[in-house]
Amino acid sequence: MTQDAQPKEEVTFDTFAQLDIRTGTIVEASPLKGARVPAYRLKVDFGPVIGIKQSSAQITDLYTPEGLIGEQVLGVVNFPPMHIAGWRSEVLVLGVYTEQGVVLIAPKQKTDNGIVLG
1 MTQDAQPKEE VTFDTFAQLD IRTGTIVEAS PLKGARVPAY RLKVDFGPVI
51 GIKQSSAQIT DLYTPEGLIG EQVLGVVNFP PMHIAGWRSE VLVLGVYTEQ
101 GVVLIAPKQK TDNGIVLG
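Counted from 1, the sequence shown has number 21 at position 21 by UniProt numbering; the numbering is strictly sequential.
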């Protein structure tokens, strides 16, 4: 998916508001062995209310595990868990697709973990 992707169907604000999108800081990152597409296993700290959650992220083109530690991201924390290559992914870390790979979405300035997008 790139900038040439077709627009999606219109949704209401109420539909968007159902997503719980929060800031979090990556505290662990390692390769996800056995994944069909190269990916990392992430642990992300979403603050005292949500806690540390696991995610699988296909972001290997532009990021290294070491470089991800301490990076702040945005993630959807209220999707149901999925199992990917034996790893329980509990949140969706957000990014945009570019020709070079996925670029993570992050606040422009550092914030506390768990701040709600709104």
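Note that the Cβ used here is the ideal one computed from N, Cα and C, for glycine as well.
C-alpha gap between residue i and residue j, whole angstroms
i	j	result
A39	G75	16 Å
P107	G34	31 Å
V91	F79	6 Å
I84	I105	22 Å
L32	R41	5 Å
Q100	Y63	11 Å
R22	V77	7 Å
D112	K43	16 Å
I50	D20	11 Å
V11	G70	34 Å
Closest Cα partner of residue i within the set the options
i	options	result
Q109	Q6, G24, S55	G24
V37	D61, Q72, Q3, D4	D61
A57	W87, V49, D4	W87
V27	P81, L68, T12	L68
Q72	A5, V93, D14	V93
CB of residue i within 8 Å of CB of residue j, strictly
i	j	result
V102	I59	yes
G114	F46	yes
A29	P7	no
Counted within 10 angstroms of its Cβ, other Cβ atoms place residue i as buried (16 or more) or exposed
i	result
S55	buried
G95	buried
Q3	exposed
S89	buried
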